[in-house]
Every structure is written in C-alpha cells, then in structure tokens.
Amino acid sequence: MKITQKLENENINIFYKEVLDIFNQSNNFYLNIKDISYNLNISYDRAKHRLRKLELQNE
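Position one of the sequence shown corresponds to residue 0 (numbering that gives the first Met the number 0), numbered consecutively onward.
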C-alpha cells in the first residue's frame, strides 16, 4: 500500500517548520553557518526517518 499524499505532505510540513525554526533561531542567537547547516541536516534526517517509518507501516 502506498503512503497517502496527506501523510507525505504532513512530513514535508514538519520539515519546513523545523527549517523555519532553525533560521528564526539563527536570527535570535546569531548562529553561524556551521550550526545552521548541522541543524538542517538533523531536520532532513528526521524527515527521511519519518518517511521510512510511514513506508514500513504501509507495506
């Protein structure tokens, strides 16, 4: 069974919210590029993990 578009969109929305939060934090706390990049990678990995979990649930 395929992942529903709704669940996939939900995962994308969570990822974008995390990305926005990272950039908002960078304005507040003057995070450097290295920190921003590190945090973006973590968010991306979490999004991939959520997608994989959804795929396994729907197999």
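Even for Gly, the Cβ is constructed at its ideal location relative to N, Cα and C.
Computed from a prediction, not measured in an experiment: that's the story for all the values here.
Query raised in the report: So with Cβ pairs under 9 Å, would you call residue 36 a contact of chain D?
Result: Structure shown: chain D not included; a single protein chain is present.
Query raised in the report: Can the beta-carbon of residue 37 be found closer than 9 Å to that of residue 14?
Result: Numbered from 1 along the sequence shown, position 38 holds the residue referred to as residue 37. Numbered from 1 along the sequence shown, position 15 holds the residue referred to as residue 14. No.
**Report entry** Closest Cα partner of residue 35 within the set 48, 47, 21, 46
**Finding:** As a first step, residue 35 is located in the sequence shown; it is residue number 36 there, counting from the start. It is 21 whose Cα lies nearest to the Cα of residue 35.
Query - Residue of 50, 32, 55 minimising C-alpha distance to residue 8 - result: Mapped onto the sequence shown, residue 8 falls at position 9. Looking at the Cα atoms, 50 is the closest of the given residues.
**Report entry** Outcome for residue 10 when other beta-carbon atoms lying within 10 angstroms are tallied against a minimum of 16
**Finding:** The count along the sequence shown starts at 1 and reaches residue 10 at position 11. Under this definition residue 10 is a buried residue.
**Report entry** Collapsed DSSP secondary structure at residue 58 in the structure displayed
**Finding:** Locating residue 58 in the sequence shown gives position 59, where the first residue counts as 1. Residue 58 falls in the coil class under three-state DSSP.
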